[in-house]
Amino acid sequence: KTQFLLIIIYTIIIYKLQSSTLNIAVLNISKKDFQIKFIYIIYSRVKTL
Numbered sequence: 001k002t003q004f005l006l007i008i009i010y011t012i013i014i015y016k017l018q019s020s021t022l023n024i025a026v027l028n029i030s031k032k033d034f035q036i037k038f039i040y041i042i043y044s045r046v047k048t049l
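In full-length UniProt numbering, the protein residues as written are 1 to 49.
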């Protein structure tokens, strides 16, 4: 139950980034449930690489 709630909160945070611009982003993509679409959303919100 706790894990399910954390996944929901994590997803909401990722999707809220769609209307934002970031100066820096740090990703932990080692988790199995991390989806490729999340990487794209974060990558597209960062100003410079």
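Virtual Cβ for every residue (Gly too), placed ideally from N, Cα, C.
No experiment lies behind these values; they were computed from the predicted model shown.
Rounded to whole angstroms, V26 and T48 show a C-alpha spacing of 13 Å.
The beta carbon of F38 lies closer than 7 Å to those of I14 in the same chain, with the five residues before and after it left out. In this structure, I41 and L17 form a Cβ contact; the two beta carbons are roughly 6 Å apart against a cut-off of 8 Å.
Residues of the same chain with a CB within less than 7 Å of the CB of I29, apart from the 5 flanking positions on each side, are I39 in chain order.
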